[in-house]
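Numbering (the UniProt record's numbering), first residue to last: 1 to 438. Glycine included, every Cβ here is placed at the ideal spot set by N, Cα and C. This one's a predicted model, so the numbers in the text were calculated from it and none came from an experiment. Let me begin by presenting the structure, written as structure tokens, before commenting on it.
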Amino acid sequence: MWSFGVSFSNRGLEIGGISSRTLATEFGTPTFFIDENHFRARAQLWTDALEASFGDSAGTVYYAAKAFICTDVARWIKEVGIGIDVCTSGELAVALAGGIDPKKIELHGNNKSVSEINRAVEVGVRIIVIDSLFEIDRVSAAAERKGIRQAVMLRLTPGVQAHTHQSISTAHEDVKFGFSIASGAAWNAIAKVMSDHNLELRGFHCHVGSQIFGTDSFELAATRIIGLMAKFKGEYGSELPELDLGGGYAIAYLPGEITVEPEDVLPSLSEVVKRECAAAGLALPLISIEPGRNIVGPTTFTLYEVGTVKDVTLEDGAIRRYISVDGGMSENMRTSLYDAQYFAVLADRESSAPLTQSRVVGKHCETGDIVIRDINLPSDIEPGDLLATPATGAYGRSMASNYNHVPRPPVVAIKDGKARVIVRRENEADLLALDVKE
């Protein structure tokens with residue numbers, strides 16, 4: 001739940017030996033603090049496990065940029081040697097700015113614009129994951145202009161119900177993503193790509209959802225997709241060389257939860273893929289995966305300062321303490337969007353005060369501006385205290401907004417006991433910069 005570098009002492013939370021109070025004084029609050037060594041280690045962990053589970057058939061670990069990306073993180077990805085999955089021109093621009101080789105980049109997204117596709121083909125992105133029949137024509141046109149044969153994959157929906165929040169479940173039939181296997185849409189897309197001389201169909205892609213525990217959903221998806229690969233061989237007389245099984249591996253947000261580790265899923269997934277390929281008479285394809293949250297999520301925490309404390313009497317007579325911090329839904333939308341649950345600690349000191357039923361809320365003009373809905377925190381928390389929330393590396397800063405014209409927080413990297421800003425805090429000048437003045 002906390003990054004490798006976090007520890008607790010009589011000074012409260014520390015990371016790399018730096019106290020939270022020192023961090024707050026230097027960088028302000030709210031701020032995201034990312035443990036660089038932990039990020040690198042988790043990226044390497046998935047690469048090593050993929051190679052151990054699939055051997056010569058290990059493809060690429062593509063870091064899902066949507067979780068969080070900036071130029072420095074892109075540079076870390078390049079140095080670790082993994083790939084990156086991008087789904088907009090902005091994410092592509094950051095990946096390139098960080099020095100990532102286009103041959104390590106795949107382009108995703110259900111509604112890639114013509115300009116985004118053209119840009120990806122122009123810079124030499126290795127794989128474009130096609131999500132609609134319209135994109136087949138768009139990618140083909142871009143490849144023809146470039147004078148190349150563009151490698152593509154088809155995103156498939158295998159009809160798998162992932163046991164997660166409906167907004168982050170992506171492989172059942174009634175979703176905006178991909179081509180359905182059951183309805184025949186996938187086969188129609190295959191035929192269209194195979195008839196296009198500008199495109200090279202490398203294989204299939206599937207993403208069952210996000211924050212998934214266990215392996216059942218991944219295994220069922222793999223089984224159904226391998227069945228389609230066998231049908232492809234029967235029709236076209238050749239085998240597709242690649243299969244991308246996406247990401248979605250869960251992490252711990254609360255005490256008692258577990259973070260899915262590579263060794264928890266990849267060996268069993270490897271057994272299923274190898275068994276199904278053998279039964280279908282297929283050679284083992286290159287297997288790629290796309291962890292994003294699982295790499296960056298546990299490496300980061302958010303530091304807040306308490307602004308006000310208010311006791312509210314509930315209908316049953318119970319007292320709930322509202323602890324307002326200087327952030328909220330503008331840098332953590334997941335509680336409002338997905339009923340996500342988070343944890344927090346008093347970060348700048350020890351407390352022996354009794355715990356009290358609390359709700360951590362933000363400063364925005366919304367009742368739903370909640371960071372943590374229910375948590376027991378020390379009853380002596382007061383304005384000026386610091387709270388730290390772990391596991392905020394994924395979909396915190398990347399989904400941040402300027403609601404109420406609040407500047408977005410910075411991201412500070414911690415490495416070997418030193419802290420440095422890798423994404424600066426926005427200021428009022430940034431908020432005004434896009435306004436057109438007569």
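**OP:** With residue 219 as the anchor, note down where its alpha helix (DSSP H) starts and where it stops.
**Re:** Walking along the sequence shown from the start, residue 219 turns up at place 219. Secondary structure note for residue 219: its alpha helix (DSSP H) is the uninterrupted segment 216-236.
**OP:** Using the Cα positions of residue 137 and residue 303, report the straight-line distance between them to the nearest angstrom.
**Re:** Within the sequence shown, the letter at position 137 stands for residue 137. Within the sequence shown, the letter at position 303 stands for residue 303. So the two alpha carbons sit approximately 47 angstroms from each other.
Original post:
Going by DSSP, what residues sit across from residue 305 in a beta bridge?
Top reply: As a first step, residue 305 must be located in the sequence shown, where it is residue number 305. Residue 305 is bridged to 386.
Subject >> Ranges of the alpha helix (DSSP H) found wholly within the segment 320-382, counting only runs of at least 4 >> reply: Qualifying alpha helix (DSSP H) stretches, in chain order: 334-338.
**OP:** Evaluate residue 206 with the Cβ neighbour count: other Cβ atoms within 10 Å of its Cβ, from every protein chain shown; 16 or more gives buried, anything less gives exposed.
**Re:** Counted from its first residue, the sequence shown places residue 206 at position 206. Per the 10 Å Cβ criterion, buried.
Original post:
Which term fits residue 430, buried or exposed, when burial requires 16 or more other beta carbons within 10 angstroms of its beta carbon?
Top reply: Within the sequence shown, numbered from 1, the residue matching residue 430 stands at position 430. Answer is exposed; the Cβ neighbour count stays below 16.
Original post:
So, residue 202 versus residue 242, is the Cβ gap smaller than 9 angstroms?
Top reply: Mapped onto the sequence shown, residue 202 falls at position 202. Mapped onto the sequence shown, residue 242 falls at position 242. A contact, by the Cβ cut-off of 9 angstroms.
Subject >> Paired residues, beta bridge with residue 179 - DSSP >> reply: For the purposes of this step, residue 179 is taken as the residue at position 179 of the sequence shown. Per the DSSP secondary-structure output, residue 179 pairs in a beta bridge with 156.
Subject >> Whole runs of the alpha helix (DSSP H) within the segment 77-140, excluding any shorter than 4 residues >> reply: Listed in chain order, the complete alpha helix (DSSP H) runs (minimum 4 residues) inside the segment 77-140 are 89-97 and 114-123.
**OP:** Compare the beta carbon distance of residue 1 and residue 255 with 9 angstroms and say whether it is the shorter of the two.
**Re:** Counting from one through the sequence shown, the residue named residue 1 turns up at place 1. Counting from one through the sequence shown, the residue named residue 255 turns up at place 255. Their beta carbons are under 9 angstroms apart, which means residue 1 touches residue 255 by this criterion.
Subject >> Beta-carbon proximity list for residue 410, same chain, < 6 angstroms, skipping 5 on both sides >> reply: Along the sequence shown, one-based indexing puts residue 410 at 410. These residues qualify, in order along the chain: 31, 421, 423, 424 and 425.
**OP:** Inspect the beta-carbon positions of residue 212 and residue 253 and report whether they are closer than 9 angstroms.
**Re:** Here residue 212 refers to the residue found at position 212 of the sequence shown. Here residue 253 refers to the residue found at position 253 of the sequence shown. In terms of Cβ geometry, residue 212 and residue 253 do not form a close pair [threshold 9 angstroms].
Original post:
What is the DSSP secondary structure of residue 62, reduced to helix, strand or coil?
Top reply: By 1-based counting over the sequence shown, the position of residue 62 is 62. Three-state DSSP puts residue 62 in a strand.
Original post:
Beta carbon of residue 190, beta carbon of residue 232: below 9 angstroms?
Top reply: Here residue 190 is taken as the residue at index 190 of the sequence shown, counted from 1. Here residue 232 is taken as the residue at index 232 of the sequence shown, counted from 1. In this structure, residue 190 sits near residue 232, with a CB-CB distance shorter than 9 angstroms.
Original post:
Where does residue 281 sit, in a helix, a strand or coil, going by DSSP?
Top reply: Counting from 1 along the sequence shown, the entry for residue 281 is found at position 281. Coil at residue 281, not helix or strand.
Original post:
Should the segment 80-95 be regarded as contacting the segment 110-117, the criterion being three or more beta carbon pairs within less than 8 angstroms?
Top reply: The segment 80-95 is in contact with the segment 110-117.
Subject >> Cβ separation of residue 85 and residue 106, assumed to be a contact under 8 angstroms, to the nearest whole Å >> reply: Walking along the sequence shown from the start, residue 85 turns up at place 85. Walking along the sequence shown from the start, residue 106 turns up at place 106. The pair is a contact, with the Cβ atoms about 5 angstroms apart (cut-off 8 angstroms).
Original post:
Would you say residue 328 and residue 371 are within 9 angstroms of each other, going by their C-beta atoms?
Top reply: To locate residue 328, count along the sequence shown from 1; it is residue 328. To locate residue 371, count along the sequence shown from 1; it is residue 371. Yes.
Subject >> Beta-carbon proximity of residue 8 to residue 300, cut-off 9 angstroms >> reply: Locating residue 8 in the sequence shown gives position 8, counting from the first residue. Locating residue 300 in the sequence shown gives position 300, counting from the first residue. No, the pair does not count as a contact, with Cβ atoms beyond the cut-off.
Original post:
Hey, would you say residue 83 sits closer than 9 angstroms to residue 63, going by beta carbons?
Top reply: As a first step, residue 83 is located in the sequence shown; it is residue number 83 there, counting from the start. As a first step, residue 63 is located in the sequence shown; it is residue number 63 there, counting from the start. Yes.
Original post:
In terms of residue numbering, what span does the alpha helix (DSSP H) encompassing residue 20 cover?
Top reply: Within the sequence shown, numbered from 1, the residue matching residue 20 stands at position 20. Element bounds for residue 20: 20-27.
**OP:** Tell me whether residue 207 sits in a helix, a strand or coil according to DSSP, three-state version.
**Re:** If you number the sequence shown from 1, residue 207 lands on position 207. In the three-state reduction of the DSSP assignment, residue 207 falls in the coil class, being assigned neither a helical nor a strand state.
Original post:
Quick one: what's residue 35 bridged to in DSSP?
Top reply: Against the sequence shown, residue 35 aligns to sequence position 35. In DSSP, residue 35 forms a bridge with 414.
Subject >> residue 311 - DSSP class collapsed to helix/strand/coil >> reply: The count along the sequence shown starts at 1 and reaches residue 311 at position 311. Residue state, collapsed to three classes: strand.
**OP:** Below 7 angstroms CB to CB, which residues in the same chain sit around residue 24 once its five sequence neighbours on both sides are set aside?
**Re:** What you label residue 24 is simply residue 24 of the sequence shown in a count that begins at 1. Contacts found: 303, 305 and 386.
**OP:** Determine the direct distance from the alpha carbon of residue 317 to that of residue 66, and round the result to whole angstroms.
**Re:** Residue numbering aside, residue 66 sits at position 66 when the sequence shown is read from its first letter. Residue numbering aside, residue 317 sits at position 317 when the sequence shown is read from its first letter. Between residue 66 and residue 317, the C-alpha separation is close to 43 angstroms.
Subject >> Three-pair Cβ contact test at 8 angstroms for the segment 41-49 versus the segment 383-403 >> reply: No, the segment 41-49 is not in contact with the segment 383-403.
Original post:
Of all the CB atoms in chain D, is at least one closer than 9 angstroms to the CB of residue 214?
Top reply: Among the protein chains of the structure shown there is no chain D, as only one such chain exists.
**OP:** Determine the DSSP secondary structure at residue 244, reduced to helix, strand or coil.
**Re:** The count along the sequence shown starts at 1 and reaches residue 244 at position 244. For residue 244, the three-state secondary structure derived from DSSP is strand.
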